[in-house]
Amino acid sequence: MPENQQSARSLYGIRLWLARLAYLLVLTGIIVIFFIGMPKYIAASSQGGASLSVERTAQGDMMITRTEDEVAQAGIGPGDILLGVDNQLITAETSMDDLDTMLTGKIGESLTLSILTQNGSRLDVTIVRGRALLNALSAIGISLSQLILFHIILTGILMLTFALISFLIFIRRSDDWFVILVALTQMLLPLTLRVAPQLTYGALALNAFWILNIVRILSLYPLVAMIYLFPKGVASKWVGLLIFLAGVLALSNVANYLLNFFTPLLSVLIGYAIWWFFLIIGVLLQVHRYRKIYSPTERQQTKWVIIGFAITLIVFFLFELSKNITGLSVTQTLLLGMASDLALGLTLIFLALIMAFAVFHYKLWDADFYINRTVIYGLVTGVLALFWGAMMALLNYAFQQFTDKQSPILAAVLSSVQVIALFQPVRGRIETWINSHFYKDRVDFTKAIVELQPEKWQFIAPQNMYDALAESVTSLLQSDKAAVYTFDGNTVRLGSAVGIKPALARQIKLDDATRQRLQAGKVVQLKDQTIFAVIVPLTVPRGRLNDLIGILAVGPRAEERGYSRDHISDLSGLGQSAGTAIHFLQLNQKKSSHSA
């Protein structure tokens, strides 16, 4: 990312900590609400009522307006009056909520309805709550508990995936407002798309359903903003206007939810259709940028994310359509519902994973350094926690065998001492394993380039070092070109060039800002240049300061893979080693020439 874009997106001071706090509160709140709502969701999923609808007449009676399944088969129809449920009489004081409580119970239990038919006869009908659902489940060979488990596993994996990837993105660059926006959108997506009903039950349990609804309404705005601004966090004026209008729409939806001042038709329009317009425009905008604006590296970084956004919108649209299909049997409706839930859940998980893939594999926001450390220390913590627990149990068992009583405090102390002793070797082994399996392109330049070893310096000349450096770096980093330059006062002299004509290599230009960063010992990435991608300062340490004696310029990597933070760190170390070696060789050459 260009330096000016990164600094423009950086947060400082109170704004930085408020943004971090807001994200962590949302992350923690959603996870807590999800788990609080889980028992409520399981209980509600096990309950059902009678397949009928009623409304109160002007005379105060509960008149049946619609019947289905077993209720209709029992001869109960629209226009009949519901007199009682399970010997509980319905009176003028019985509210609709009271009636819903009377009708609702555990699926599979019997329910007796007292009916006054239109011809004036009284009828008592015993039905089974949810019989149609049970018959449908039996037809496809699963039980109610298995159906509930299916949805628990699906939503659990969905929430875990989004929470983990959201947190990994957040810790990558928590001082960048756009990265925080992306992480926040990832965490809110299950709430935005209403695919985790446990959140609703959790909010109801906490008497915070209205807060959850407001957050759900507002969560559409960061989703739209993320799609419009992805991946740089910048946009043209007309795109900024669309983002502003989306914000106005979100606030209008909140106002309508609180005050209910829009007509039903307008409520549907602003709450559904216009949001689809904004989302589709966002995806089309990303496609346009991909084809006309993005560089090859940016295309590699964003193509899967664009595909993921597009597929998610299509699947969600089909998911919403499937809810409105009529004329199906209960079994067909059940199968369609399970299939659509599974398809949407897997699509959302796919979206989260390809976001992680873009971040991890194509170095989007250069996040792999932090992901690497998170994975390493996460595994170390898990392994040592298991070891600590096992040693606690083993030591307690040993104490009980020899002293007839347990000593948990002593066992905890001894286990902790062992964990402390094992931390460094376990961390080292896990880090080696992770880097060897998932970070195979990291390079130890000092070992890989023989000429950098001090014992070899007396046998080679500076030109040999220039050539070895340029040739080895292109091979080790799979780059198409590299060049070594030395400084003679303010003059930049080409020492060696590989994969590029010397005349073209001499055209390199360093502005004042780049020179200052190189002088400070920092590797500079040139995103907007076509010849070289990275410039490495060749420095000689002198106390707290470094002497800049030259530079190593490296071209883009093969397959447009880009340079990760680990690569930059490795190249920075190479610059110090190579700078020291070149300085030593130059001094030797001067001494030899003076002696001659």
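For the sequence shown, our numbering assigns the number 4 to the initial residue and increments by one for each residue that follows. Cβ atoms here follow ideal geometry from the backbone N, Cα and C, with glycine treated the same way.
Point to revise | Through-space distance from L245 to M190, alpha-carbon basis | key: In the sequence shown, the residue the question calls residue 190 occupies position 187. In the sequence shown, the residue the question calls residue 245 occupies position 242. Each residue's Cα considered, the two are about 23 Å apart.
Review point. Nearest CA to the CA of I155: which residue from A47, A508, Q289?
Key: Translated into positions along the sequence shown, residue 155 becomes position 152. For I155, the nearest C-alpha among the options comes from A47.
**Study point:** Within 8 Å, strictly: CB atoms of G40 and Q201
**Key:** Residue numbering aside, residue 40 sits at position 37 when the sequence shown is read from its first letter. Residue numbering aside, residue 201 sits at position 198 when the sequence shown is read from its first letter. Yes. Within cutoff.
Check your understanding: Alpha carbon to alpha carbon, how far is L207 from E73?
Key -> In the sequence shown, residue 207 corresponds to position 204, counting from 1. In the sequence shown, residue 73 corresponds to position 70, counting from 1. Taking the straight line from one Cα to the other gives about 31 Å.
**Study point:** Span of the beta strand (DSSP E), counted from its first residue to its last, around L116
**Key:** The residue labelled residue 116 in the question sits at position 113 within the sequence shown. Note, L116: beta strand (DSSP E), 113 to 119.
**Study point:** Inter-residue Cα distance where the pair is L339 and L226
**Key:** In the sequence shown, the residue the question calls residue 339 occupies position 336. In the sequence shown, the residue the question calls residue 226 occupies position 223. Taking the straight line joining both Cα atoms gives about 28 Å.
Check your understanding: Exposed or buried, what is L552 when buried is set at 16 or more other beta-carbons lying within 10 Å of its beta-carbon?
Key -> If you number the sequence shown from 1, residue 552 lands on position 549. Note on residue identity: the sequence assigns Ile, not Leu, to residue 552. Burial call: buried.
Review point. So what does F70 bridge to, in DSSP terms?
Key: Mapped onto the sequence shown, residue 70 falls at position 67. Sequence inspection shows Thr at residue 70; the Phe mentioned does not correspond to that position. Partner(s): L55.
Review point. Which of the three DSSP states, helix, strand or coil, is assigned to N327?
Key: Position 324 of the sequence shown, counting from 1, holds the residue named residue 327. In the structure shown, N327 sits in coil (DSSP, three-state: anything other than H, G, I, E or B).
Check your understanding: At what residue ranges does the region 207 to 232 contain a whole run of the alpha helix (DSSP H), taking only runs of 4 or more?
Key -> 212 to 232
Review point. CA-CA distance, V557 and G243?
Key: Here residue 557 corresponds to residue number 554 of the sequence shown, with the count starting at 1. Here residue 243 corresponds to residue number 240 of the sequence shown, with the count starting at 1. Between V557 and G243, the C-alpha separation is close to 37 Å.
Review point. Quick one: what does DSSP say D569 is sitting in, helix, strand or coil?
Key: Taking the sequence shown and counting its residues from 1, the one referred to as residue 569 is at position 566. Three-state DSSP puts D569 in a helix.
Check your understanding: Considering only residues of the same chain and omitting the five flanking positions on each side of A77, which have a CB-CB separation below 7 Å?
Key -> Residue 77 sits at position 74 when you count from the first residue of the sequence shown. Contacts found: V128, I130.
Point to revise | L337 versus A139 - alpha carbon distance | key: As a working note, residue 337 is residue 334 in the sequence shown. As a working note, residue 139 is residue 136 in the sequence shown. If I take the Cα positions, the gap works out to 7 Å.
Practice item. Would you kindly work out how many angstroms separate the C-alpha atoms of P5 and Q528, rounded to a whole number? Key: Against the sequence shown, residue 5 aligns to sequence position 2. Against the sequence shown, residue 528 aligns to sequence position 525. Residue placement at P5 is flagged as unreliable, the pLDDT there being 46, under the threshold of 50; the coordinate-derived value follows with that caveat. Near 8 Å, if we compare the C-alpha coordinates of Q528 and P5.
Review point. With C-beta atoms as the reference, is W180 less than 8 Å away from A22?
Key: In the sequence shown, the residue the question calls residue 180 occupies position 177. In the sequence shown, the residue the question calls residue 22 occupies position 19. Yes; because the gap between Cβ atoms is below 8 Å, this pair is in contact.
Review point. Between L147 and Q50, what straight-line distance do the alpha-carbon atoms span, to the nearest angstrom?
Key: The residue labelled residue 147 in the question sits at position 144 within the sequence shown. The residue labelled residue 50 in the question sits at position 47 within the sequence shown. Going from the Cα of L147 to the Cα of Q50 covers about 10 Å.
Review point. Who are the near neighbours of T305 in its chain, counting only those whose CB is closer than 6 Å to its CB and skipping five residues on each side?
Key: If you number the sequence shown from 1, residue 305 lands on position 302. Closer than 6 Å at Cβ, skipping near neighbours: P234.
Exercise for review: Mind checking which residues open and close the beta strand (DSSP E) that includes F448?
Suggested key: Looking up residue 448 in the sequence shown gives position 445. No beta strand (DSSP E) holds F448; the alpha helix (DSSP H) holding it covers 448 to 451.
Exercise for review: With DSSP as the reference, label D515 as helix, strand or coil.
Suggested key: Counting from one through the sequence shown, the residue named residue 515 turns up at place 512. D515 falls in the helix class under three-state DSSP.
Review point. Helix, strand or coil: how does DSSP classify R600 here?
Key: Nothing can be reported for residue 600, as the shown portion of the chain is limited to 4 through 599.
Review point. Three-state secondary structure (DSSP) at Y488?
Key: Start at 1 with the first residue of the sequence shown, and residue 488 comes out as number 485. Looking at Y488 - three-state DSSP - the assignment turns out to be strand.
Point to revise | A135 versus N399, S124, G111, residue with shortest Cα-Cα distance | key: Taking the sequence shown and counting its residues from 1, one reaches residue 135 at position 132. Among N399, S124, G111, the Cα nearest to that of A135 is on G111.
Exercise for review: From the DSSP output, read off the bridge partner residues of Q528.
Suggested key: As a first step, residue 528 is located in the sequence shown; it is residue number 525 there, counting from the start. Q528 pairs with V537.
Exercise for review: Take the Cβ of K512 as the centre, count every other Cβ of all protein chains shown within 10 Å, and call the residue buried at 16 or more, exposed below.
Suggested key: Working through the sequence shown from its first residue, we reach residue 512 at position 509. Exposed, because fewer than 16 other Cβ atoms sit within 10 Å of the Cβ of K512.
**Study point:** Sequence-distant residues of its chain with Cβ nearer than 7 Å to I45 (five each side left out)
**Key:** Taking the sequence shown and counting its residues from 1, the one referred to as residue 45 is at position 42. Counting only Cβ-Cβ distances below 7 Å, and skipping sequence neighbours, we find I151.
Point to revise | Through-space distance from G565 to T489, alpha-carbon basis | key: Position 486 of the sequence shown, counting from 1, holds the residue named residue 489. Position 562 of the sequence shown, counting from 1, holds the residue named residue 565. Taking the straight line joining both Cα atoms gives about 25 Å.
Exercise for review: Out of V237, A238, A276, point me to the one whose CA is closest to A253's CA.
Suggested key: In the sequence shown, counting from the first residue as 1, residue 253 sits at position 250. Among V237, A238, A276, the Cα nearest to that of A253 belongs to A276.
Exercise for review: Return helix, strand or coil for T336, following the three-state DSSP convention.
Suggested key: By one-based count along the sequence shown, residue 336 stands at place 333. Of the three classes helix, strand and coil, the one that applies to T336 here is helix, per DSSP.
Exercise for review: Look at the alpha carbon of W20 and the alpha carbon of L577, and state the distance between them as a whole number of angstroms.
Suggested key: Within the sequence shown, the letter at position 17 stands for residue 20. Within the sequence shown, the letter at position 574 stands for residue 577. Spanning the two alpha carbons is a distance of roughly 36 Å.
Check your understanding: CA-CA distance, F462 and K593?
Key -> Position 459 of the sequence shown, counted from the start, is the residue given in the question as residue 462. Position 590 of the sequence shown, counted from the start, is the residue given in the question as residue 593. Rounded to whole angstroms, F462 to K593 spans 15 Å at the Cα level.
Review point. Using the C-alpha atoms, what's the distance from Q466 back to Q589?
Key: Along the sequence shown, one-based indexing puts residue 589 at 586. Along the sequence shown, one-based indexing puts residue 466 at 463. Their Cα atoms are separated by approximately 10 Å.
Review point. For N7, does the count of other Cβ atoms within 10 angstroms reach 16, so buried, or fall short, so exposed?
Key: By one-based count along the sequence shown, residue 7 stands at place 4. For N7, the predicted model reports a pLDDT of 44, less than 50, meaning its position is unreliable; a value from the coordinates is still stated below. Per the 10 Å Cβ criterion, exposed.
Practice item. Can you tell me the Cβ-Cβ gap for L171 and D344, rounded? I've got them flagged as a contact below 8 Å. Key: On the sequence shown, position 168 is the one that residue 171 refers to. On the sequence shown, position 341 is the one that residue 344 refers to. The pair is not a contact, with the Cβ atoms about 26 Å apart (cut-off 8 Å).
Review point. Excluding five sequence neighbours on each side, which residues of the same chain lie with their C-beta closer than 7 Å to the C-beta of Q121?
Key: Here residue 121 refers to the residue found at position 118 of the sequence shown. Closer than 7 Å at Cβ, skipping near neighbours: G82, D83.
Review point. Closest Cβ-Cβ distance between Y260 and chain D: below 8 Å?
Key: Given the protein chain composition of this structure (a single chain), no chain D is represented.
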